[in-house]
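What follows is one structure encoded as structure tokens, with my remarks underneath.
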Amino acid sequence: MGEVRVTIPAERLEAFRMAAISEVKFSAGWVADMQRALAERYVKEGGKLEPNDLGDLRSSSCGLMQDVNLLEQLAAAPNEGPVEVRGEDQALAHVAEAMADKVCAPVVAQEVNCSPIERQHVGKIHEALDGVRWAADLAARMHAELEGQHDDARGRTRRLGTRVRRCCQRCEGSASRDSEARASHAARAARG
1 MGEVRVTIPA
11 ERLEAFRMAA
21 ISEVKFSAGW
31 VADMQRALAE
41 RYVKEGGKLE
51 PNDLGDLRSS
61 SCGLMQDVNL
71 LEQLAAAPNE
81 GPVEVRGEDQ
91 ALAHVAEAMA
101 DKVCAPVVAQ
111 EVNCSPIERQ
121 HVGKIHEALD
131 GVRWAADLAA
141 RMHAELEGQH
151 DDARGRTRRL
161 GTRVRRCCQR
171 CEGSASRDSE
181 ARASHAARAA
191 RG
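Under the working numbering, residues 1 to 192 are what the sequence shown spells out, in order.
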């Protein structure tokens, strides 16, 4: 994940704020669910927890804080003119998805459900569709950046795996076939 800057056009600001509120609510619910599950596991295991038991709660809490930080910027922003916000690319992607799905798409559905569709509905439909398009483009851009980061990490992992395999292949003919020797060689290969 990485921090990015995004400019929210004035005509999208209110919908983006509403989406950020929706994401904070969703993330807070997720944190509460993780906390409940952790408490149940704690009781079930007789007061014992493993360090990695906290991973989901930590991750969910981090996501909530990212959403809150983004909402804080949006709440402080003026209502006129474009607004630049900074946030984690994943948090921005989720808010953009919420804007498309939970804020703009329901407006489209409501307006096209009116019968007959009159001129007053068409303007709202077009505006909401433009919001869906803008939010979908932003979400796709953020996800593409995330994928690029994952591709970079996968490339590093592949290179590390290749070095480990080469090191272990050199050891194949030697007497160091036991797992301890392989682990030592793998650690040396990983260091460089």
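Built from N, CA and C at the ideal position, the CB exists for glycine as well.
Sorted by chain position, which residues of the same chain lie with C-beta nearer than 7 Å to valine 112's C-beta, five sequence neighbours on each side aside?
Ile125
Which stretch, first to last residue, makes up the alpha helix (DSSP H) that contains glycine 63?
55-76
For methionine 99, collect the residues of the same chain with a Cβ closer than 7 Å to its Cβ; drop the 5 residues on either side in sequence, then sort them by chain order.
Ala15, Phe16, Ala19, Gly131 and Ala135
Drop a sphere of 10 angstroms on the beta-carbon of arginine 166, count the other beta-carbons inside from all chains shown, and report buried for 16 or more, exposed for fewer.
Confidence at arginine 166 is low in this model, with a pLDDT of 46, below 50, so its placement is unreliable and no value can be given for it.
For isoleucine 8, which residues does DSSP report across the bridge?
Val83
Taking Cβ positions only, does glutamate 84 come closer than 8 Å to chain E?
Protein chain content of the structure displayed is limited to a single chain, and chain E is not contained in it.
Starting from alanine 105, follow the alpha helix (DSSP H) in both directions and report where the run begins and ends.
105-112
Report the option in Arg133, Val68 and Arg5 whose CA atom is closest to the CA atom of lysine 25.
Val68
Under a three-way DSSP split, which group does glutamate 14 fall into?
helix
Ordered along the chain, which non-local residues of its own chain (more than five positions away) have a Cβ less than 7 Å from that of serine 61?
Val31
Check whether the segment 139-150 and the segment 84-91 are in contact - that is, three or more C-beta pairs closer than 8 Å.
yes
Going by DSSP in three states, glutamate 194 sits in which element: helix, strand or coil?
Within the shown structure, residues of the chain are numbered from 1 to 192, placing residue 194 beyond reach of any answer.
Near glutamate 3, what residues of its chain come up, given a Cβ to Cβ distance below 8 Å and the 5 sequence neighbours on each side ignored?
Arg86, Gly87, Glu88 and Asp89
Do alanine 10 and glycine 81 have their C-beta atoms within less than 8 Å of each other?
yes
With H, G and I counted as helix, E and B as strand and the rest as coil, what does DSSP make of glutamate 147?
helix
Taking the alpha-carbon positions, what's the arginine 58 to tyrosine 42 distance?
16 Å
In this structure, does DSSP put glutamate 23 in helix, strand or coil?
In the structure shown, glutamate 23 sits in a helix (DSSP, three-state: H, G or I).
Quick one, are the C-beta atoms of valine 83 and isoleucine 8 less than 8 Å apart?
yes
What residues in its chain sit with their C-beta under 6 Å from that of glutamine 66, if we drop five residues either side in the sequence?
Answer for glutamine 66: Glu88 and Ala91, listed in chain order.
What's the gap between the Cα of threonine 162 and the Cα of alanine 39?
With a pLDDT of only 45 at threonine 162, under 50, the local geometry of the prediction cannot be trusted, and the value read off the model is given with reservation. Computed Cα separation, rounded: 42 Å.
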